[in-house]
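Protein chains: 2
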Amino acid sequence: MINIAVAQSGGPTCAINGSLVGVFVEALRTKEIDAVFGSINGIEGVIKDNFIDLKRFITTNEDIELLKQTPSTILGSCRYKLKSSTEDEETYNRIVENLQKRRIGAFFYIGGNDSMDTVEKLSNYMLDNNIDIKVIGIPKTIDNDLCCTDHTPGFGSAVKYVTTTVQEIIRDSSVYSIDSVTIIEIMGRHAGWLTASTCILRANGETAPHLIYLPEGDFSIDKFLEDVRDQRAKHKAVVVAVSEGVNLPEDASSETLVDNFGHRYLSGVGKRLENIVRDSMHCKVRSIELNVMQRCSSHICSKTDIDESVLIGEMGVKASLRGETGRVAIFKRVSDVPYSIRVETVSANQIANKEKFFPKSWINEYSNDVTDDAIKYFLPLVQGEINLKMENGIPKHFKIQESILR
Amino acid sequence: MINIAVAQSGGPTCAINGSLVGVFVEALRTKEIDAVFGSINGIEGVIKDNFIDLKRFITTNEDIELLKQTPSTILGSCRYKLKSSTEDEETYNRIVENLQKRRIGAFFYIGGNDSMDTVEKLSNYMLDNNIDIKVIGIPKTIDNDLCCTDHTPGFGSAVKYVTTTVQEIIRDSSVYSIDSVTIIEIMGRHAGWLTASTCILRANGETAPHLIYLPEGDFSIDKFLEDVRDQRAKHKAVVVAVSEGVNLPEDASSETLVDNFGHRYLSGVGKRLENIVRDSMHCKVRSIELNVMQRCSSHICSKTDIDESVLIGEMGVKASLRGETGRVAIFKRVSDVPYSIRVETVSANQIANKEKFFPKSWINEYSNDVTDDAIKYFLPLVQGEINLKMENGIPKHFKIQESILR
């Protein structure tokens, strides 16, 4: 009998708690596993010995269902970057001590490519020191920019929110008789997957968004204005989808801020393009930032995404029981229609600190739209809705007391 | 036998097409009514003789269901302000001519308080000139700021979107171990109803939003910063809901823009407060603007709102058949629990060009929160979900070809 531990890391998505459910329920049905500990705030909780016994918090079938429809991370998160063990052996010792004193034989880390770096480092340390603690990564990110996997848990729900909302904005933008340009800024600093996914609206007969710009494509203000002018000749209400990370030339991005942590603050591309359009054409212009709603709008999550997120958590546990460590569970697409995937594992070093970009071959020759291959790729990921449990007309969330998460 | 005409006006909501359905289905079942004409772009279509025969577009039961889940206005909209008949009799003559040549005996105008001004002027003109065309107003606005009615069609769906989204942002904002302040800017230039409605999250056990600021309350930057400091002492992740129209002092609103039409551009209160908090405290700060999604997110509409919007459209038709004109259909609340309303009519001049503000008696003594009376008022309006029809994993919308709406 072993115990296991699970932690959540990185930016929120709608599917991280789904993967936690997968780990939890697979542990419940595995006779070799006893307790399931949740580490508070990712790896920080393991370092600080801040765990909760999940079986005391997840006690009913309803809890399981609520977890699947609760966005973000019920165990908190972190952006902690583990140093190498030669630089900071003290921290590694503390991690091992805290895991061992709870007889934890496997640790599951749900996170993005930074977290997979932690999986790689920790698993190597365990192997090098003959410590029998398996370390397994469960991917998640709305950016869909992890290598090796067909797509990432959390992405399909983000696509469903973004495309549903863009369609509603298309309706909203086309009511007046005066001409207008609407610019929708979508998350993706380096990878344009989420912005590109708005193309699936074409499968439902929409002509908009009329222009789609990704960080992976060429971009110039002159070309952008020319594109908008061309579309205005054809449509009264032009709708543009643009990635926050699109390559604006220096002068146009001079309003860029740097946040408290020294990160370049990229939000605002939409607003800057809005000002550029307003300066050069006479029409109503507005920009809309979909902001954090893209990563937390569980009320319109994709059932396919949530089901797959649970599955990949379960498969992570199975992999550890097979003796795997330093591995990350990933999706292989078997077919588009009927849609089918299988879960495999790859070495964490194939994923850690790497990014997967939207294929250039799926961007059109003008760098202002994507091809039909993209529609075929995205469509299966948004299928199905979960039967939301409501309370007082509002989706019910699974919550852990604020004081426990401090 | 008469024909009737219907038009939609003002800013989009999730319920305007619901009221169109109400008018349409009540006409179908009324043997005195033959054709139902839709005027394109509100009263502009009546002036320009731009009508469509709705029975040629709404042909199946599915069309009816799709209309109810399609946001915005399928007939387009306008912001046309009708002059008085003494100033511009030419326009009135054209309206009468265009209605009479189609044997239109009743005209239904779905819109906000500006549109009710049109209802008043037109109905007076008809009466003064002995023209037997009834003019009836059907209210709508997400702002809930119309007089005489308990609430407005469209408001409940906006509340459901806003509160659902704010709850998700609360989850999103509370994941990291570092302290944060999240400021959510909500629509309402003069009336704080929608911002105030976030209080219903308390019924589901949320402590956030920790601070709620409305245009109807007192506001000062010093007091605001003091409030945020107080809340930071109690909560790791402070969430603030603020109306776009909150009374910022002159200097703080110096970034105010004026839009193409000379309207003061009020969006940006959230961003300005974000900068003010960042300048005076060391913590992560962000602002989120819920933008047009507040008025068009039909995918999370309130069934109560949609049902009532259909009902009020039906009751408008009944009122015209009783001989009423220059009247607006409104809701009277009969009881909170069990929730019950009835539809009555009032004279358009009681509603036109007037605003109803959030009651001062429901604002707390510090002007930073609302009382439990507000929760009791708001809760019934968000109850129930409609069974969304999906296509390719995305809500299906009712659409009329772009070329027809030009």
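One line per chain: the protein sequences are A and B, in this order.
Using the numbering used here, the letters of the first sequence correspond one by one to residues 34 to 439.
Using the numbering used here, the letters of the second sequence correspond one by one to residues 34 to 439.
Every residue, glycine too, gets a C-beta built ideally from N, C-alpha and C.
Note that this is a predicted model, so its numbers are computed, not measured.
Under the assumption that residue i contacts residue j (Cβ atoms under 8 angstroms), give the Cβ distance between them as a whole number of angstroms.
{"i": "A/Ser230", "j": "A/Thr46", "result": "Not really, about 14 angstroms apart at Cβ, beyond 8 angstroms."}
{"i": "A/Val272", "j": "A/Val261", "result": "11 angstroms between Cβ atoms; not a contact."}
{"i": "B/Asp212", "j": "B/Arg265", "result": "6 angstroms"}
{"i": "A/Pro242", "j": "A/Asn280", "result": "With 8 angstroms as the limit, A/Pro242 and A/Asn280 do not qualify as a contact, their Cβ atoms being about 19 angstroms apart."}
{"i": "B/Cys111", "j": "B/Gly170", "result": "Not confirmed; about 15 angstroms, so no contact."}
{"i": "A/Gly349", "j": "A/Phe141", "result": "5 angstroms"}
{"i": "A/Ile245", "j": "A/Val403", "result": "6 angstroms"}
{"i": "A/Ser52", "j": "A/Ser148", "result": "Actually they are not in contact, since the Cβ atoms of A/Ser52 and A/Ser148 sit about 12 angstroms apart, beyond 8 angstroms."}
{"i": "A/Thr106", "j": "B/Val208", "result": "5 angstroms"}
{"i": "B/Ala139", "j": "B/Ser353", "result": "4 angstroms"}
{"i": "A/Gly187", "j": "A/Asp340", "result": "Not quite, the Cβ-Cβ distance comes to about 13 angstroms (not below 8 angstroms), so this is no contact."}
{"i": "A/Pro282", "j": "A/Ile254", "result": "6 angstroms"}
Applying a beta-carbon distance threshold of less than 9 angstroms, which residues of chain B neighbour residue i?
{"i": "A/Arg447", "result": "No answer is possible for residue 447 of chain A: the residues shown for chain A start at 34 and end at 439."}
{"i": "A/Asn382", "result": "Near A/Asn382 there are no residues of chain B at all, since even the closest Cβ is about 27 angstroms away, more than 9 angstroms."}
{"i": "A/Ser110", "result": "Val208, Tyr209, Ser210"}
{"i": "A/Ile233", "result": "Asn425, Gly426, Ile427"}
Suppose contacts are defined by Cβ-Cβ distances below 7 angstroms. Is residue i in contact with residue j by that definition?
{"i": "A/Val379", "j": "A/Val361", "result": "yes"}
{"i": "B/Val325", "j": "B/Val302", "result": "no"}
{"i": "A/Ser117", "j": "A/Thr358", "result": "no"}
{"i": "B/Ser72", "j": "B/Ala48", "result": "no"}
{"i": "B/Asp152", "j": "B/Val343", "result": "Contrary to the premise, residue 152 of chain B reads as Val rather than Asp in this sequence. Not in contact: B/Val152 and B/Val343 (Cβ atoms no closer than 7 angstroms)."}
{"i": "B/His223", "j": "B/Gly278", "result": "yes"}
{"i": "B/Arg136", "j": "B/Asn36", "result": "yes"}
{"i": "A/Gly346", "j": "A/Val168", "result": "no"}
{"i": "B/Ile216", "j": "B/Leu306", "result": "yes"}
{"i": "A/Ile363", "j": "A/Cys181", "result": "yes"}
{"i": "A/Asp67", "j": "A/Met34", "result": "yes"}
{"i": "B/Glu377", "j": "B/Lys365", "result": "yes"}
{"i": "B/Leu115", "j": "B/Lys154", "result": "yes"}
{"i": "A/Gln327", "j": "A/Met220", "result": "yes"}
{"i": "B/Gln133", "j": "A/Gly426", "result": "no"}
{"i": "A/Ile233", "j": "A/Leu108", "result": "no"}
{"i": "B/Ile91", "j": "B/Gly250", "result": "no"}
{"i": "A/Asp150", "j": "A/Ala407", "result": "no"}
{"i": "A/Glu77", "j": "A/Tyr125", "result": "no"}
{"i": "A/Lys429", "j": "A/Asp369", "result": "no"}
{"i": "B/Val129", "j": "B/Ile97", "result": "no"}
{"i": "B/Val310", "j": "B/Val214", "result": "yes"}
By the criterion of Cβ-Cβ separation under 9 angstroms, what are the contact partners of residue i in chain A?
{"i": "B/Met326", "result": "Thr198, Glu201, Ile202, Asp205, Ile321, Leu323, Met326"}
{"i": "B/Gly417", "result": "Met423, Gly426"}
{"i": "B/Glu98", "result": "Those do not exist, as B/Glu98 stays about 16 angstroms from chain A at its closest Cβ, beyond 9 angstroms."}
{"i": "B/Glu277", "result": "Within 9 angstroms Cβ-Cβ: nothing; B/Glu277 doesn't reach chain A, min ~14 angstroms."}
{"i": "B/Glu13", "result": "Limits of chain B in this structure are 34 at one end and 439 at the other, which puts residue 13 of chain B out of reach."}
Would you mind telling me which residues of chain A sit closer than 8 angstroms to residue i, beta carbon to beta carbon, in chain order?
{"i": "B/Ser335", "result": "Gly426"}
Just to make sure I have the definition right: I need the residues of chain B whose C-beta is within less than 7 angstroms of the C-beta of residue i. Which are they?
{"i": "A/Lys193", "result": "Gly426"}
{"i": "A/Ala236", "result": "Asn425"}
{"i": "A/Asn74", "result": "Ser210"}
Starting from the beta carbon of residue i, find every residue of chain B whose beta carbon is closer than 8 angstroms, and list them in chain order.
{"i": "A/Leu412", "result": "Asn425, Gly426"}
Can you name the residues of chain A whose CB is closer than 7 angstroms to the CB of residue i?
{"i": "B/Glu77", "result": "Ser210"}
Practice task
Please confirm if the region 99-108 of chain A is in contact with the region 422-430 of chain A, defined as three or more CB-CB distances below 8 angstroms between the two stretches.
Solution key: yes
Handout entry: Touching by the beta-carbon criterion (3+ pairs, under 8 angstroms), the region 191-203 of chain A and the region 316-336 of chain A
Key = yes
Handout entry: Segments assigned alpha helix (DSSP H), at least 4 residues, entirely inside the region 211-283 of chain B
Key = 226-229, 254-267
Practice task
Please confirm if the region 161-179 of chain A is in contact with the region 201-217 of chain A, defined as three or more CB-CB distances below 8 angstroms between the two stretches.
Solution key: no
Exercise for the section: Quick one: which unbroken beta strand (DSSP E) runs of 3-plus residues sit fully inside the region 94-166 of chain A? Chain order, please. Expected result: 137-144
Practice task
Examine the Cβ distances between the region 304-318 of chain B and the region 391-410 of chain B and report whether three or more of them are shorter than 8 angstroms.
Solution key: no
Problem - Segments of 3+ residues assigned as beta strand (DSSP E) that fall wholly inside the region 333-386 of chain A - result: 360-368, 373-380
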